[in-house]
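>
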Amino acid sequence: MAPPKQIWRISPQDGTVRQALVRWASDANWTFGPDQWELNFDLPIQAPAEFEADSFQEATQALSQAVAMSESPIRPCFYGNRVLRMVPFTRSCNRSPATQS
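Mapping to UniProt numbering: the sequence shown position 65 is 65, numbers consecutive.
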């Protein structure tokens, strides 16, 4: 029998989606800090929500899909070293190092 799914919660107490993801990442032993939020805006949390998921990644995907219909959809990028990056939905998750020009 599969283990029960975990409930991942956000609420207005978190303030913003970014701050909720910082908390989730910490709880899941992932890295997510200011440098990994590659958006020039934040999304305030106006009502509580719950996401039932098997993993941090699945919960983050569900949260991203929940805001997908907003004016500012976001895309999570997951890396093997347990780092989460959030980028605008229109940008792909480029896994190679950025080049300076």
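A virtual CB, placed ideally from N, CA and C, is assigned to each residue, including glycine.
Is R9 closer than 8 Å to E38 when the C-beta atoms are compared?
Within the sequence shown, residue 38 is the residue found at index 38, counting from 1. Within the sequence shown, residue 9 is the residue found at index 9, counting from 1. Not in contact: E38 and R9 (Cβ atoms no closer than 8 Å).
> Roughly how many angstroms lie between the CA atoms of D35 and Q13, to the nearest whole one?
Counted from its first residue, the sequence shown places residue 35 at position 35. Counted from its first residue, the sequence shown places residue 13 at position 13. Cα-Cα distance, rounded: 23 Å.
> By alpha-carbon positions, which one of V83, G80, P73, D42 ends up nearest to R91?
Against the sequence shown, residue 91 aligns to sequence position 91. That would be P73, whose Cα lies nearest to the Cα of R91.
> By the DSSP assignment, the beta strand (DSSP E) with Q13 in it spans what residues?
Here the question's residue 13 lines up with position 13 in the sequence shown. Note, Q13: premise wrong, no beta strand (DSSP E); not H, not E.
> For the beta strand (DSSP E) that A49 lies in, which residues bound it at each end?
In the sequence shown, the residue the question calls residue 49 occupies position 49. Here the beta strand (DSSP E) through A49 covers 49–53.
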